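Please read the structure below before turning to the comments.
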Amino acid sequence: MLFDTHAHLNADQFEDDRDEVIQRALDEGVSHIVVVGFDRKTIHGALELAETYDFIYAAVGWHPVDAIDMTEEDLKWLEELSEHPKVVALGEMGLDYHWDKSPKEVQKEVFRKQINLAKKVKLPIVIHNREATEDVVSILEEENAGEVGGIMHCYSGSLEIAQRCMDMNFYISFGGPVTFKNAKRPKEVAAEIPMDRLLIETDCPFLSPHPLRGKRNESSYVKYIAEQIADLKGISVEELAQKTSDNAFRLFGINR
Ligand SMILES: [Zn+2]
Ligand SMILES: [Zn+2]
């Protein structure tokens, strides 16, 4: 049983073979998937998949790159969606200083608004961070995000920052990059994260794990991430799968 906690199966890259990709995930032992929507179109796509497939859940939020597009109506819509039985988290949200479509100040404001919405509706949050670590962690601390906790998705930072996040009730999720040959630090950090704080994800269609690096990623490849982290931890893949799935069930409030 593998839990892919972050997938974009709603992306256009899966337009032609989405159902086959989902079937392949099931065949490879993936028992649960959270599909992430981060703007109007992809939120609709995530809900549609969550309503179609029993084992698919949705996270809904506004991506920092597109923060400038989020209106007050959108925020109200997110609040309504928080009542949806298959919506298990808000996000992905956060800061992304790699792209400059949305100014930093707008990103921060939209991030803060979504954290406060999550506290109001009592859902965990999924955090996207790119080249903005200090600001992301400061905002989480200032806004008391520990009240709801959540996931540092596709984590690539230091152990020290991971610790600050875990102190706020966050889980640390690893994706494809932890399997890359030259990924010394992600491997060292993953080895040190306590078992009850670890999650695995694909972030597909992006960031395919080794040995499929460069190809379109899909949920069935989460097994490569499980194998890598089990190896780093010196435990069996079965144990790693079980513990990370238990963590995801606890975090998302999913009753098996
Ligand atoms: Zn992301
Ligand atoms: Zn994502």
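The opening position of the sequence shown corresponds to residue 1022 in our numbering, with each subsequent residue numbered one higher. Note that CB positions come from ideal geometry on N, CA and C, so glycine has one too. Since this is a predicted model, take the numbers as computed values, not measurements.
7 Å CB neighbourhood of residue i in its chain, flanking five on each side removed
| i | result |
| --- | --- |
| lysine 1244 | Leu1023, Glu1049, Gly1050 |
| glutamate 1248 | Val1258 |
| glutamate 1164 | Arg1133, Ile1136, Asn1137 |
| valine 1081 | Gly1058, Ile1064, Ala1067, Leu1099, Leu1102, Val1108, Leu1111 |
| alanine 1096 | Residue 1096 is actually leucine in this sequence, not alanine. Once the five neighbours on either side are set aside, the close Cβ partners of leucine 1096 are Lys1134, Leu1138. |
| arginine 1277 | Phe1270 |
| glutamate 1152 | Tyr1118, His1119 |
Candidates the options: closest to residue i by CA position
| i | options | result |
| --- | --- | --- |
| lysine 1279 | Gln1249, Glu1222, Ser1103 | The requested residue 1279 is not part of the displayed model; the chain covers only 1022 to 1277. |
| phenylalanine 1195 | Ala1262, Glu1168, Glu1041, Asp1156 | Ala1262 |
| aspartate 1025 | Val1057, Pro1232, Gln1034 | Val1057 |
| aspartate 1075 | Glu1093, Gly1255, Pro1106 | Pro1106 |
| leucine 1099 | Ala1183, Phe1059, Ile1089 | Phe1059 |
| alanine 1046 | Arg1277, Ala1204, Tyr1242 | Tyr1242 |
| isoleucine 1193 | Phe1201, Glu1094, Thr1200, Glu1222 | Glu1222 |
| glutamate 1155 | Gly1115, Ser1123, Val1131, Val1210 | Gly1115 |
| leucine 1220 | Pro1232, Lys1236, Ala1183 | Ala1183 |
| tryptophan 1083 | Glu1209, Arg1206, Ser1123 | Ser1123 |
| glutamate 1094 | Glu1126, Pro1085, Lys1125, Arg1061 | Arg1061 |
| proline 1207 | Ser1240, Leu1253, Arg1218, Ser1229 | Leu1253 |
| glutamate 1209 | Leu1233, Asn1268, Ala1251, Glu1239 | Ala1251 |
According to DSSP, residues forming a beta bridge with residue i
| i | result |
| --- | --- |
| serine 1194 | Leu1220 |
| arginine 1151 | Asp1117 |
| leucine 1023 | Val1051 |
| alanine 1204 | The partner list for alanine 1204 (beta bridge, DSSP) is empty, contrary to what the question assumes. |
| alanine 1079 | Val1056, Val1108 |
| isoleucine 1146 | Leu1111, Gly1171 |
| alanine 1028 | Val1056 |
Contacts around residue i, its chain only, beta-carbon distance under 6 Å, and the 5 residues preceding and following it disregarded
| i | result |
| --- | --- |
| glutamate 1213 | Leu1180 |
| alanine 1032 | Pro1226 |
| methionine 1216 | Lys1264 |
| glutamine 1128 | Pro1085, Ala1088, Leu1116 |
Supposed close pair residue i, residue j - CB separation, criterion 8 Å
| i | j | result |
| --- | --- | --- |
| histidine 1149 | aspartate 1117 | 6 Å |
| isoleucine 1146 | glycine 1178 | Not quite, the Cβ-Cβ distance comes to about 17 Å (not below 8 Å), so this is no contact. |
| histidine 1174 | glutamate 1113 | 6 Å |
| phenylalanine 1273 | valine 1055 | 7 Å |
Close beta carbons around residue i, own chain, < 8 Å, minus the five adjacent residues each side
| i | result |
| --- | --- |
| leucine 1144 | Ser1103, Val1108, Val1109, Ala1110, Leu1111, Val1169 |
| leucine 1161 | Ile1136, Ile1148, Gly1167, Cys1186, Met1189, Phe1191 |
| alanine 1204 | Pro1198 |
| asparagine 1130 | Asparagine is not the amino acid found at residue 1130; the sequence shown has glutamate there. Once the five neighbours on either side are set aside, the close Cβ partners of glutamate 1130 are Ala1088. |
| arginine 1237 | Gln1034, Cys1225, Pro1226, Ser1229 |
Near ligand 4: residue i beta-carbon under 7 Å from a heavy atom
| i | result |
| --- | --- |
| aspartate 1224 | As far as ligands go, the structure on display features ligand 1 and ligand 2 and does not contain ligand 4. |
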